[in-house]
Amino acid sequence: MGVTPALRTEGLSLSFGAFKAVNNVTFALAPGARHALIGPNGAGKTSFINTLTGSLSASAGGIFLGERNITRLPQYERVKRGITRTFQITTLFPGLTALESVVLAVCERTGRGSRLIRSVAEQKDEIAEARALLGLLRLERDINTPTRHLPYGKQRLLEIALALATRPKVLLLDEPAAGIPVGDSQEMMGVIADLPRAVSILLIEHDMNLVFRFAEKITVMMSGEILAEGTPRQIQANARVREVYLGETAIA
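Under this note's numbering, read the sequence shown as residues 7 to 258, first letter to last.
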């Protein structure tokens with residue numbers, strides 16, 4: 007008997023009238039995966055992610071988190087069951103330190119976020135968990151830095167720490183390296199790749215050098231459908247993928 011995917015879809019579709027943004031997609035994300043989703047603009051990548059998270063409702067097909075069918079669950083219930091994405095945290099709190107921000111996210115998960123009667127400094131268990139999360143993202147030296155003073159790349163890592171505070175089984179990252187200088191983005195992707203394998207990661211990214219370094223498996227979307235899937239070298243060698251998307255991109 008095979009290993010149950012961390013996340014899978016069966017014939018998933020998303021339609022806007024006659025237009026199919028996602029068309030009959032069957033996909034599987036392995037436990038502990040470092041998986042990239044690529045394709046040209048308009049390929050359906052973000053629509054696919056939006057359907058997985060529940061911000062858009064599937065027109066047809068199914069979405070399964072482990073063995074559980076989550077197709078009709080609202081977005082917040084999917085987060086509770088273990089699927090989250092970085093930009094669900096719509097804004098950082100510029101006046102809070104990195105530690106305070108993550109402590110509040112942990113309190114929100116545990117149900118204390120709406121009824122804090124103690125100061126953040128008194129949340130000892132939550133502080134310990136927040137420190138551990140910031141350590142995973144290599145932000146331990148920045149725990150007392152106000153968010154507004156963090157470099158942009160570290161702000162993106164803080165977003166991921168906030169997402170990890172929900173204790174996800176599946177983490178969806180939509181272009182986490184966008185706007186970050188090349189050297190910093192490579193370091194950031196290394197940090198993400200090194201996260202515990204208890205978290206399966208699906209990444210959308212346009213920088214193919216980053217994709218080829220990060221991903222163990224790549225899915226290519228085109229016109230709302232899966233065009234190809236395989237290891238980075240298989241994808242790079244795929245003539246159809248090179249024709250429609252990669253061009254002469256090489257693994258650096």
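In this text, a Cβ means the ideal position worked out from N, Cα and C, and glycines have one as well. It should be emphasised that the depicted structure is a prediction, and the values quoted were computed from it without experimental measurement.
N- and C-terminal bounds of the beta strand (DSSP E) containing residue i
i, result
"THR32", "25–35"
"LEU147", "For the record, residue 147 in the displayed sequence is Arg; it is not Leu. That residue, ARG147, is in no beta strand (DSSP E); it is neither H nor E in DSSP."
"ARG115", "Element bounds for ARG115: not the beta strand (DSSP E) but the alpha helix (DSSP H), 104–116."
"GLU181", "Note, GLU181: premise wrong, no beta strand (DSSP E); not H, not E."
Range of the contiguous alpha helix (DSSP H) that encloses residue i
i, result
"PHE220", "214–220"
"ARG173", "Counting along the chain, ARG173 falls outside any alpha helix (DSSP H), and DSSP gives it neither H nor E."
"PHE54", "51–59"
Rounded C-alpha distance that separates residue i from residue j
i, j, result
"TYR82", "SER65", "19 Å"
"ALA49", "ARG147", "39 Å"
"GLY8", "PRO157", "43 Å"
"ILE123", "ARG115", "Unreliable placement is indicated for ILE123, whose pLDDT of 49 sits below 50; the coordinate value is still reported in the next sentence. Going from the Cα of ILE123 to the Cα of ARG115 covers about 16 Å."
"PRO37", "PRO100", "35 Å"
"LEU163", "ILE186", "11 Å"
"ASP180", "ALA24", "26 Å"
"ALA42", "ALA245", "19 Å"
"LEU13", "LEU102", "34 Å"
Buried or exposed by the 16-neighbour rule on C-beta atoms within 10 Å, applied to residue i
i, result
"GLU132", "buried"
"HIS259", "In this structure the chain extends from 7 to 258, so residue 259 is not present and cannot be described."
"GLU260", "Only positions 7 to 258 of the chain appear in this structure, which leaves residue 260 out of reach."
"GLN129", "buried"
Candidates the options, of which the one nearest residue i by Cα
i, options, result
"GLY17", "ALA34, ALA24, THR10 and PHE99", "ALA34"
"ILE55", "THR237, ARG40 and LEU177", "LEU177"
"GLU106", "SER63, GLY159, GLU165 and SER61", "GLU165"
"ARG15", "ILE44, ARG74 and THR151", "Reading the sequence as shown, one finds Thr at residue 15 and not Arg. Looking at the Cα atoms, ARG74 is the closest of the given residues."
Practice item. Flag this pair as touching only if the segment 207–214 and the segment 14–29 have three or more C-beta atom pairs under 8 Å; answer yes or no. Key: Judged by Cβ distances under 8 Å, the segment 207–214 makes no contact with the segment 14–29, as fewer than three pairs qualify.
Check your understanding: For the 8 Å Cβ check, are there 3 or more pairs between the segment 134–144 and the segment 166–183?
Key -> Cβ pair count under 8 Å is three or more, so yes.
Practice item. Say whether the segment 226–233 touches the segment 197–205, bearing in mind that this needs 3 or more beta-carbon pairs closer than 8 Å, one atom from each stretch. Key: The segment 226–233 makes no contact with the segment 197–205: fewer than 3 CB pairs, one atom from each, lie closer than 8 Å.
Review point. Within the chosen definition, does the segment 106–120 reach the segment 179–199 through at least 3 CB pairs nearer than 8 Å?
Key: Counting Cβ pairs under 8 Å, fewer than three are found: no touch.
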